[in-house]
Amino acid sequence: MHAGSFTQLVAAAAALGLALMAAGVLWRLPLTIPWAVLLTAAAYLVGREGSPVVDGGAAVVGVLLLVAAELASWSIGEDPRIRAEPSLVLRRALTIGALVAGALVLDVLLLGAAAISSSSGVALAAVGVAAAVGAMVVVVRLVRG
Amino acid sequence: MTRWATPKLASYAGLSGVGLLAALVSGRPELVALTAPFVLALVAGLAIAVTPRIGVDFELDEARALEGDELGARIAVQASTPVERLELYLKLPPGVERVEGRNPVGLHLASGELRELELTVRANRWGGHVLGPVYVRAFDALGFLAWEARSAEQRELRVYPREDALRRVLPPREPQLSSGNEVSRRKGEGIEFADIRQWTVGDPLKRVNWRASARRGELWVNESHPERNTDVILFVDAFAEARRGNEGTLDLAARATAVLADAYADRRDRIGLISFGGILRWLSPDLGVAQLYRVVDALLDTQVVLSYYWKEIDVIPRRTLPPNALVIALSPLLDPRSVGALLDLRARGHDLAVIDVSPVPFTVRPDSGLDAIAYDIWALRRDALRQSLQRSGVAVAEWRAGTPLQAVLEEVRAYRRHARYAHA
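From first to last, the protein sequence lines stand for chains F and W.
In terms of the numbering used here, the first sequence is residues 115 to 259.
In terms of the numbering used here, the second sequence is residues 36 to 459.
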C-alpha cells in the first residue's frame, strides 16, 4: 500500500469516528460511541503500523478516547428538563477527572512495563487473557439479565 | 427498585473485550494502553456501585385551593445508602403547574442524608387533581447502572372555581313558603309595604295605618309582601363542550355555577344541582354553607363523558325538581339531548332560565370555502335554537368568555320582566 493511500485511510477512519461521535451526541445515540472509539483507535493503530517501538503517546491517546467517551455519554444522558444541582455537576466532573488521572497512571505503568521488560510477555499475556475473560463475563452477565 | 444497565455499560464492556482480545492476537502493547482506561472505568464503576435505598415522602400544604392559587409542596427524600446521582420527578396533572422550585431535579445524597425539596405549584384549572407519584432514578458514580422506582405517595388537590361577586341574582317566578330574602308578590306578613285595606276582625293593632284611617274616618290597615326563600336548581349541561387550550365551555359553566350557588346560598335560598350529561349527577335542594360545599364538590367531579344514551328529563329524580323551583341552566346548546331536556322542563311548567355558554369563542371560522359556509350555517342554527327557546317562554342569554356574568344575568332578568307567563 502506498504511503499516500495509507494516510488517506487513517484520515478517513479518524474522520468517520469523529462523525459517528458527533452524530451520536447530536441525535442522542449512545450505541454510536463504542463504534466511534473503535474507529478512532483503529486509525491510530493503522497510523502506527510498521513501527517496532512501543509508542508512549498511546497512553495519552487511550485516555483521550476515554475522556471523549465519558463526555459524549454525559452529553447524551443529560436531559435539559432535569435541573441538576451545581454540586452534582461538580461531583461528576471530579469523578471523571479522577478516573482519567487513574487511567493515565495505569497506562503509563503498563507501557513502561512493556518497554522495560519485553521478556515478560507471557505474564502480560496472562493478565490480558484474564482481563478479556473478565470483560466477556461481564457482557454475558449483562445479556442474561 | 428496578435495576437496569445503561448503554454505557454494554459499550465499555464491548470495547474492553474487543480491545484486549485484539491486543492478545496482535501482541501490540499500544492496544492494551488504548483499552486499559475503559477496563479501569468498568471495573471501578461496578466495584463502587451500591444498590441505593431511598425513602420518599411528599406533602402538599393544602388539600383545597381556589383557581389561580399558589401552594407549597414538599418532597422529602432520605437515603440510607450513598446515592451518587439521583433524579427526582414529581408528576403534576395538566391543571397544575410548577411556579418555583426544581422539578425534575438531579442531586447527590450522602448516606443517611435527608433532603427536603420545596416546590411552589399553581392550580390553573378547577377540578379534582392528583399530584404524584414521585419518580426516582438513581445512577452509580460512573453511570453504568441505574435504579428506578415510583413512590406510591400521591396527594389529592381539590381546586374550586374562583368566584366573582354578583350584585343581584335572578328572582324566581314564585318563591317557596319558607322565610327568606325574596320579597313575594303575594300579600301577607312581612316588612315590605304592599297596600292598605279596610280593617277586619283579627287584624292586629300594630298594622293599623293611622293616617289613612284618620282621612277616611274608619280603620285601615297596612298590607305587606312576605319575604320568602327560593329553590334554585343549577342545571349544568355536561353532554358536550367546546374547548380550546386550557379553557372550555364546561369551565365557564362550572365557574358560573359556583358563583350562582354562592350568591343564592348567601340569600338563604335552597340550592340544588343537576349535572346532566354522559353521567347524571344531582343534589336535592338544601340550604346552608354545607350544601354550598356539596354543590361545589359535586361540580369538581363534573366532566364531559361521551355517551350515546338518549337521556330524557324523566331520569332526574322527582325530588330534585321541586314545584316553583327556579331552574338556571348553563349549557353551550351543543347537544340536542340537553336542548330537548330544557324544552321538556319548560313544557312541564318549570321556571326556566338558560345561560347559553357560547362555544363560538372557542372555535375558528374558516376563511373560505365549504367549511366557512358550514360554520355560518352552524352559527345561524344556534341563533334559531335560542329563538325557539325564547318562543317557548324561556329566557335565554348568550354568555361569551370575558363578559361579566352579572351582565348576562341582567339580560335574562330583563327578558323575564317583560315576558309574562301565559297560563293556559
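Backbone N, C-alpha and C define an ideal beta-carbon position, used for all residues, glycine too.
Cβ neighbours of residue i in the same chain (closer than 8 Å, five flanking residues each side left out)
i	result
Glu262(W)	Ser214, Gly215, Asn216, Glu217, Val218, Ser219, Gly225, Ile226, Glu227
Arg246(W)	none
Glu188(W)	Val91, Asp92, Phe93, Gly167, Pro168, Val169
Arg142(F)	Ile190
Ser319(W)	Gly307, Pro352, Arg354, Thr355
Val177(F)	Val214, Ala217, Leu218, Asp221
His164(W)	Pro128, Gly130, Val131, Ala158, Glu191, Leu192, Arg193, Val194
Residue range of the unbroken beta strand (DSSP E) whose run includes residue i
i	result
Thr41(W)	From DSSP, Thr41(W) is part of no beta strand (DSSP E); its letter is neither H nor E.
Pro320(W)	316 to 321
Gln326(W)	Per DSSP, Gln326(W) belongs to no beta strand (DSSP E); it is in the alpha helix (DSSP H), 324 to 335.
Ala114(W)	105 to 114
Arg63(W)	Looking at the DSSP string, Arg63(W) is not in any beta strand (DSSP E), and its letter there is neither H nor E.
Ser373(W)	Unbroken run through Ser373(W) is the alpha helix (DSSP H), 371 to 382; no beta strand (DSSP E).
Ser259(W)	255 to 260
Asn216(W)	214 to 218
Start-to-end residues for the alpha helix (DSSP H) that takes in residue i
i	result
Gln422(W)	404 to 426
Ile226(W)	Neither: Ile226(W) is in no alpha helix (DSSP H) and is coded neither H nor E.
Arg400(W)	Counting along the chain, Arg400(W) falls outside any alpha helix (DSSP H), and DSSP gives it neither H nor E.
Thr235(W)	Counting along the chain, Thr235(W) falls outside any alpha helix (DSSP H), and DSSP gives it neither H nor E.
Asp304(W)	From DSSP, Asp304(W) is part of no alpha helix (DSSP H); its letter is neither H nor E.
Arg452(W)	440 to 453
Leu179(F)	171 to 191
Leu159(F)	146 to 161
Ser393(W)	Premise fails: Ser393(W) is in no alpha helix (DSSP H) and is neither H nor E.
Arg246(W)	245 to 251
Rounded separation between residue i and residue j - CA only
i	j	result
Arg279(W)	Thr155(W)	26 Å
Gly164(F)	Phe120(F)	12 Å
Leu223(F)	Gly216(F)	11 Å
Asp7(W)	Trp255(W)	Residue 7(W) is absent from the structure shown; chain W starts at 36 and stops at 459.
Gly52(W)	Thr70(W)	9 Å
Asn257(W)	Asn264(W)	22 Å
Ala333(W)	Arg316(W)	8 Å
Val447(W)	His385(W)	16 Å
Arg150(W)	Leu142(W)	10 Å
Asp406(W)	Asn359(W)	44 Å
Asp379(W)	Pro371(W)	12 Å
His260(W)	Gln211(W)	13 Å
Lys222(W)	Arg251(W)	22 Å
Ile210(F)	Ser189(F)	13 Å
Val175(F)	Ser187(F)	18 Å
Lys43(W)	Met135(F)	14 Å
Ala128(F)	Leu220(F)	25 Å
Tyr253(W)	His453(W)	In the sequence as presented, Tyr is not what sits at residue 253(W); that position holds Glu. Approximately 39 Å, taken between the alpha carbons.
Gly138(F)	Tyr158(F)	21 Å
Arg353(W)	Pro207(W)	19 Å
Leu132(F)	Thr154(F)	7 Å
Leu125(W)	Ala98(W)	17 Å
Ala432(W)	Val374(W)	14 Å
Val151(F)	Leu179(F)	6 Å
Pro194(F)	Arg109(W)	23 Å
Leu444(W)	Glu122(W)	52 Å
7 Å Cβ shell around residue i - same chain, five flanking residues per side excluded
i	result
Ala436(W)	Glu282, Leu287, Pro396
Leu66(W)	Gly54, Ala57, Ala58
Gly170(F)	Leu225
Trp234(W)	Val243, Leu254, Trp255, Val256
Nearest-angstrom beta carbon gap, residue j and residue i [assumed within contact, 8 Å]
i	j	result
Val330(W)	Ile306(W)	6 Å
Leu361(W)	Leu205(W)	7 Å
Val387(W)	Ala414(W)	The amino acid occupying residue 387(W) in the given sequence is Leu; Val does not appear at that position. Not quite, the Cβ-Cβ distance comes to about 24 Å (not below 8 Å), so this is no contact.
Ala325(W)	Glu198(W)	Not a contact, Cβ separation roughly 17 Å.
Ala300(W)	Leu327(W)	4 Å
Beta-carbon contacts of residue i that lie in its chain and below 6 Å, excluding the five residues immediately before and after
i	result
Glu192(F)	none
Arg185(W)	Pro168, Tyr170
Ser46(W)	none
Gln122(F)	none
Arg157(W)	Glu105, Glu132, Val134
Val429(W)	Arg381, Leu387, Val389
Contact test: residue i Cβ vs the ligand ZN heavy atom, cutoff 7 Å
i	result
Phe93(W)	In the structure on display, the ligand ZN does not appear, and there are no ligands present to speak of.
task = Using a Cβ-Cβ cut-off of less than 7 Å, list which residues of the stretch 180 to 191 of chain F approach chain W; keep chain order.
result = Residues of the stretch 180 to 191 of chain F with a Cβ closer than 7 Å to any Cβ of chain W, in chain order: Leu180, Ser187, Gly191.
task = Identify each residue in the stretch 124 to 151 of chain F for which the Cβ-Cβ distance to at least one residue of chain W is less than 7 Å, and report them in chain order.
result = Here the close residues are Pro144, Leu145, Ile147, Pro148, Val151.
Near-chain F residues of the stretch 160 to 187 of chain W - C-beta to any C-beta below 8 Å = So the list reads Ala176, Leu177, Gly178, given in the order they occur along the chain.
request  = Could you run through the stretch 90 to 105 of chain W and flag, in chain order, every residue whose CB is less than 7 Å away from some CB of chain F?
outcome  = Residues: none.
inquiry  = By the 7 Å beta-carbon criterion, what residues does the stretch 123 to 147 of chain W contribute toward chain F?
reply    = Of all residues in the stretch 123 to 147 of chain W, Arg137, Pro139, Val140, Gly141, Leu142, His143 have a Cβ within less than 7 Å of some Cβ in chain F.
task = Check distances from the C-beta atoms of the stretch 66 to 78 of chain W to those of chain F and list, in chain order, the residues that come in under 9 Å.
result = Answer set for the stretch 66 to 78 of chain W: Leu66, Val67, Ala68, Leu69, Thr70, Ala71, Pro72, Phe73, Val74, Leu75, Ala76, Leu77, Val78.
query = If you measure beta-carbon to beta-carbon, which residues of the stretch 155 to 183 of chain F are closer than 8 Å to chain W?
reply = Residues passing the 8 Å Cβ filter: Ala155, Tyr158, Leu159, Arg162, Val168, Asp169, Ala172, Ala173, Val175, Gly176, Val177, Leu179, Leu180, Ala183.
ask   = For the stretch 398 to 426 of chain W, which residues have a CB atom closer than 7 Å to at least one CB atom of chain F, in sequence order?
value = Of all residues in the stretch 398 to 426 of chain W, none is placed with a Cβ closer than 7 Å to any Cβ belonging to chain F.
inquiry  = Any C-beta of chain F within less than 7 Å: which residues of the stretch 107 to 122 of chain W qualify?
reply    = Taking 7 Å as the Cβ-Cβ cut-off against chain F, the residues of the stretch 107 to 122 of chain W that qualify are Arg120, Glu122.
Interface residues of the stretch 212 to 228 of chain F facing chain W [CB-CB below 7 Å] = From the stretch 212 to 228 of chain F, only Leu213, Gly216, Ala217, Leu220, Asp221, Leu224, Leu225, Ala228 have a Cβ closer than 7 Å to chain W.
ask   = Going along the stretch 43 to 66 of chain W in order, which residues come within less than 9 Å of chain F, judged by CB to CB distance?
value = Here the close residues are Lys43, Leu44, Ala45, Ser46, Tyr47, Ala48, Gly49, Leu50, Ser51, Gly52, Val53, Gly54, Leu55, Leu56, Ala57, Ala58, Leu59, Ser61, Gly62, Arg63, Pro64, Glu65, Leu66.
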